[in-house]
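All remarks here apply to the structure that follows.
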Amino acid sequence: MAVIKVCLGSSCYVRGNDKTLALIDDYIQKNRKEHSLELIGCRCSDACQDGPNVFIDNKKYSKLTPEELLKILEEL
638 MAVIKVCLGS SCYVRGNDKT LALIDDYIQK NRKEHSLELI GCRCSDACQD GPNVFIDNKK
698 YSKLTPEELL KILEEL
């Protein structure tokens, strides 16, 4: 199971991770990936200057566009 952590620290949140969280949740629901993708929020990841940050299996992704994120999710 892939683990997706979305930083919900204030900097990442206002930079768009509120929308990122919704996009990932919507993807999981529409594609019935509840058993293969785990979505969790996390507190500040101390990489605010790079944000918004998403971690997939502990690999950091920063400043993803919705299109880039969907491509990564499809590859999982």
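Just so you know, we're using my numbering here: the sequence shown kicks off at 638 and counts up by one.
Every residue gets a Cβ at the ideal spot worked out from N, C-alpha and C, and that includes glycine.
Here's a check: name, in chain order, each residue in its chain whose Cβ is nearer than 8 Å to the Cβ of residue i, leaving out the five neighbours to either side.
i: Ala639; result: Ser673, Leu674, Glu675, Ile693, Asp694 and Leu713
i: Lys697; result: Ser682, Ala684, Asp687, Asn690 and Val691
May I ask you to report which of helix, strand or coil DSSP gives residue i?
i: Ser673; result: coil
i: Asn668; result: coil
i: Lys656; result: helix
i: Lys708; result: helix
i: Cys649; result: helix
i: Cys685; result: helix
When the Cα atoms are used, what is the spatial distance from residue i to residue j?
i: Cys681; j: Lys670; result: 26 Å
i: Gly678; j: Val643; result: 5 Å
i: Cys652; j: Glu711; result: The sequence given here places Arg at residue 652; Cys does not occur at that position. Straight-line Cα distance between these residues: approximately 23 Å.
i: Asn668; j: Ala659; result: 14 Å
i: Pro703; j: Cys649; result: 15 Å
i: Asp655; j: Ser699; result: 14 Å
Please confirm whether residue i has its beta-carbon closer than 8 Å to some beta-carbon of chain C.
i: Asp655; result: No chain C is present in this structure, which holds just one protein chain.
Near residue i, what residues of its chain come up, given a Cβ to Cβ distance below 6 Å and the 5 sequence neighbours on each side ignored?
i: Leu645; result: Gly678
With a cut-off of 8 Å on the beta carbons, I'd call residue i and residue j a contact; round off their distance for me.
i: Leu707; j: Tyr664; result: 7 Å
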